[in-house]
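Going by the numbering used here, the sequence shown opens with residue 27, and the numbers climb by one from there. By construction, the Cβ of each residue, glycine as well, lies at the ideal position given by its N, Cα and C atoms. This one's a predicted model, so the numbers in the text were calculated from it and none came from an experiment.
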Amino acid sequence: MSSSFEKDQKRRLISSYFSVVLSIALVLFLLGLLGMLVLNAKKVSDHFKEQVVVTIYLKDTAKEVETKQLEKSLAMADYVKSTEYVSKEQAAEFMKAENGEDFMDFVGYNPLQNSIDVHLKADFVTSEHLEKISAEALNKDFVDEVTYDNDLVNLMNDNVKKISFWVLVISGIFTLIAVLLINSSIRLAVYSKRFTIKTMQMVGATKQFIRRPFVWKSVRLGMIGAVLALIGMAIVLYYLNKTFSDLQLLSNPVLIGLLFVVIFALGVVITWISTHFATQRFLNLKTDDLYY
């Protein structure tokens, strides 16, 4: 009878510990994913901004020397990420591949122009910078036209600002929720031991002596939950980096390492604080209040 009771108690204790570890791991995992989003938000926005193309169309009278000189000056500019010269023949081949038919069969000649596609650095993809760059290019006698999608640039910049703001707000809210969820799990685990706490207090044990084993047990559970969360984060980060290699999510290992350290520290600190206050609450209760 006693053996069966002890087994049942041990089973319940293991189940309680498992639920605490699982809840800590899931909450820290989600918090870690949000942290990765915050760290890489600028990188992702920069990636999309750098896809915006400024196309400089050249007149048919443009000399090869002038074209190469323009290409070289653009490549050396601090606002340019990359340039690509596209001849009218290459443009015609591209249109033919895209449309599935050769438009020159109908027109009889190639009406397209030689051009230079310019990809700017993300910080310079704004309407003001684009207008300035366009004006500088149009000052060249052999440049016919400069085109770019100004509406897309404005929309992208507005959305980046809005998304950045809401990501920060959601991060704060989610951090608060994480603390509350972990705190609730710890409080439930300590609640099941409230009579043990009160018994130890009644036989003369000090509050610090009573709290210590509960705190260390919870901290160990927090460590285990944090390690599981970090393993999950590492798997997701590896998969995302492999799938979206252009984003180079692993290009800054120091920041990633710092995020992992912060998540692990949160698992330890939150469980320590939660257990401290949970045990303190039951230590301050009267014996009769333990039944409610």
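Review point. Are Val78 and Leu146 closer than 9 Å when you measure CB to CB?
Key: yes
Review point. Is Leu247 closer than 9 Å to Phe286 when the C-beta atoms are compared?
Key: no
Review point. If you drop the 5 nearest sequence neighbours on each side, which residues of the same chain put their C-beta closer than 7 Å to that of Ile299?
Key: none
Review point. Does the region 279-298 come within contact of the region 197-209, defined as at least 3 CB pairs closer than 8 Å?
Key: yes
Point to revise | Selected residue, minimal CA-CA separation from Phe200, among Gly61, Ala51, Phe44 | key: Gly61
Review point. Once you ignore the five residues that flank Lys114 on each side, which residues in its own chain have a CB closer than 7 Å to its CB?
Key: Asn136, Leu138, Gln139, Asn140
Review point. To the nearest angstrom, how far is it from the Cα of Lys188 to the Cα of Gly283?
Key: 28 Å
**Study point:** Assumed close pair Leu96, Leu281 - CB separation to whole angstroms, cut-off 8 Å
**Key:** 38 Å between Cβ atoms; not a contact.
Exercise for review: In angstroms with no decimal places, state the Cα-to-Cα distance between Val288 and Ala51.
Suggested key: 14 Å
Exercise for review: Could you check what DSSP says for Ala204 in three-state terms: helix, strand or coil?
Suggested key: helix
Point to revise | Straight-line Cα distance separating Ile212 from Ser28 | key: Caution is warranted here: a pLDDT of 47 is assigned to Ser28, below 50, making its placement in the model unreliable, and the coordinate value is therefore given only provisionally. Taking the straight line from one Cα to the other gives about 28 Å.
Practice item. Since I believe Leu100 is in contact with Ile142 (beta carbons under 8 Å), could you give me their beta-carbon distance rounded to a whole number of angstroms? Key: 7 Å
Review point. By Cβ distance below 7 Å, which residues in the same chain neighbour Thr305 in space, the five residues on each side in sequence not counted?
Key: Val216, Ile223, Ile236, Arg237, Phe240
Check your understanding: Using a Cβ-Cβ cut-off of 8 Å (strictly less than) and excluding sequence neighbours within five positions of Leu59, which residues of its own chain qualify?
Key -> Met259, Val262
Practice item. Just the C-alpha distance for Val91 and Ile82, rounded to the nearest angstrom, thanks. Key: 16 Å
Review point. In chain order, what residues of the same chain have a beta carbon less than 6 Å from the beta carbon of Ala163, not counting five sequence neighbours either side?
Key: Ile82, Val169, Val172
Review point. Between Val47 and Asp272, what straight-line distance do the alpha-carbon atoms span, to the nearest angstrom?
Key: 36 Å
Review point. Buried or exposed: where does Val195 fall if 16 or more other Cβ atoms within 10 Å of its Cβ makes it buried?
Key: exposed
Check your understanding: Is Thr301 near Val253, with beta carbons less than 9 Å apart?
Key -> no
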